[in-house]
Each structure stands twice: as structure tokens, then as C-alpha cells.
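Taking the working numbering, I'd label the letters of the sequence shown as residues 3 to 184.
Note that the Cβ used here is the ideal one computed from N, Cα and C, for glycine as well.
First the structure, in the form of C-alpha cells, and then the observations on it.
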Amino acid sequence: LGNLSTRNPSIVIPILDKYLIECITELKYPTPYKDLSAKMLCSFVSSNRRTALSCMKPILEFSISKIDQMDCSNDYLVSLLITIIHLSFYCGEEMNPYTNRILSSIIKILVETITTETKEYAIKCIIYIIQYTGYFIENDANYSELFEVLLNLMEREQCRTFRRSIIHVFGCIGARDPDKIK
């Protein structure tokens, strides 16, 4: 549907919007198809830029609130993180009002989550948010916890690709001033 919307938008966009509203509604209430609905939401956002731009605010509000609760399965959490990755790619600077909340939620994921897959997607989410929104961490004091969590992950994790992605996050964030740290 997302690819067809570029060829014949007058017919496909209303159908796509209807399915998107149904998907978000299913995600808000406890249903047995929650993981599938989260994957569908991710597919909707990744397949159509217009959908991502038009529904960015409700999708982000919902995703951030669910990530903060941390009472969901790992597949569900990964799908929400991938959705945020796609939104940051399509929406870019329009996501700047949400970046502080997203980063604090991702820090919470990195601290509390056990699975490596979820942590990997959280790291990718940080990379995409910083790269595509143009977000710049000005004050090291606000994100000292992020630096500590990333350094702890570097020490603990054995997977080379995961460690490379953490180094990539450090590169995206920028160098820290050692005089301010001491």
C-alpha cells in the first residue's frame, strides 16, 4: 500500500490512513495481536513518507509512553524502536521537540534491558536521531548518564559489531571536553 500511494494517492492514502488509525488503536489497548500491530505500524511508517509526516506526533507520543513503561515484550519494544528510527529518517528536524524524551527513554532501555538485540536497536535509534534530526548535546551534565551507560556497555559487551555501534554513537555525539569532566 505504501508504494502504491506514490502512483495513485487519491485512492490509496485514505485506506492507508484507516489502517494506520486501526493499528494505533490496537496498540493502545491490550490485545493478543500487540506485537503484530507494532510490526504493522513499523511497516506503515517505513513504506510511506507521507504517513510518517502526517502521523508523527501521535506515533511518537504513543511510542515514548510505551517505552517508558517497559512492561512489554522485547519484540514489541524493538518494533517501537525501529518505528522511531524510520520516523527520524523521514521527519528529521520536526522531531527535535521529542528528542530529549526519546533519549531519556533510550537510556532507560540501555540500563534495564537484558537482551542484546533490544540494546542494539536502542543504540541504532540514538545514532539515527542524532544524525537525521541534527540534534546536538550541548550540556554534558544533562547526559552524563548516557556517557556512563555507553562506557559500561563498552566494557561489558563482547560482540564487536555492538561495540562498533557504541563507538559510532560517541562519534555522532562528539568529543567531550576533559577539562569540564574533572
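Task: the region 112-120 touching the region 63-70, judged by at least three CB pairs closer than 8 Å - done: With the rule of 3 Cβ pairs closer than 8 Å, the region 112-120 does not count as touching the region 63-70.
TODO: Identify, in the order they occur along the chain, each residue of the same chain with its Cβ nearer than 7 Å to the Cβ of ARG51, setting aside the five sequence neighbours on each side.
DONE: TYR92.
- [ ] Output the distance between the C-alpha atoms of TYR123 and PHE64, rounded to the nearest integer angstrom.
- [x] Separation of TYR123 and PHE64 (C-alpha to C-alpha, rounded to the nearest whole angstrom) is 18 Å.
- [ ] Look at the alpha carbon of THR193 and the alpha carbon of ASP19, and state the distance between them as a whole number of angstroms.
- [x] Because residue 193 is not part of the residues shown, which for the chain are 3 to 184, the question remains open.
TODO: Please go through the same chain and pick out, in chain order, the residues whose beta-carbon is closer than 7 Å to the beta-carbon of SER90, but skip the five residues on each side of it.
DONE: MET97, TYR130, ILE131, TYR134, THR135.
- [ ] To the nearest angstrom, report how far apart LEU22 and LEU43 are at their CA atoms.
- [x] Rounded to the nearest angstrom, the gap between the Cα atoms of LEU22 and LEU43 is 7 Å.
Task: Minimum Cβ-Cβ distance from TYR137 to chain C less than 8 Å - done: No chain C appears in this structure, which consists of one protein chain only.
Task: C-beta contact flag for ILE84 and LEU105 at 8 Å - done: Contact check for ILE84 against LEU105 fails: the beta carbons are separated by 8 Å or more.
Task: From GLY94, LEU155, SER39, SER49, residue whose alpha carbon lies closest to that of ILE116 - done: Nearest in C-alpha terms to ILE116, of all of GLY94, LEU155, SER39, SER49, is LEU155.
Task: Residue from SER48, ILE175, ILE86 whose Cα sits closest to the Cα of LEU62 - done: Scanning SER48, ILE175, ILE86 for the CA closest to the CA of LEU62 turns up ILE86.
Task: Pick from CYS25, THR118, SER56, SER49 that is closest to ASN76, judged by C-alpha positions - done: Among CYS25, THR118, SER56, SER49, the Cα nearest to that of ASN76 is on THR118.
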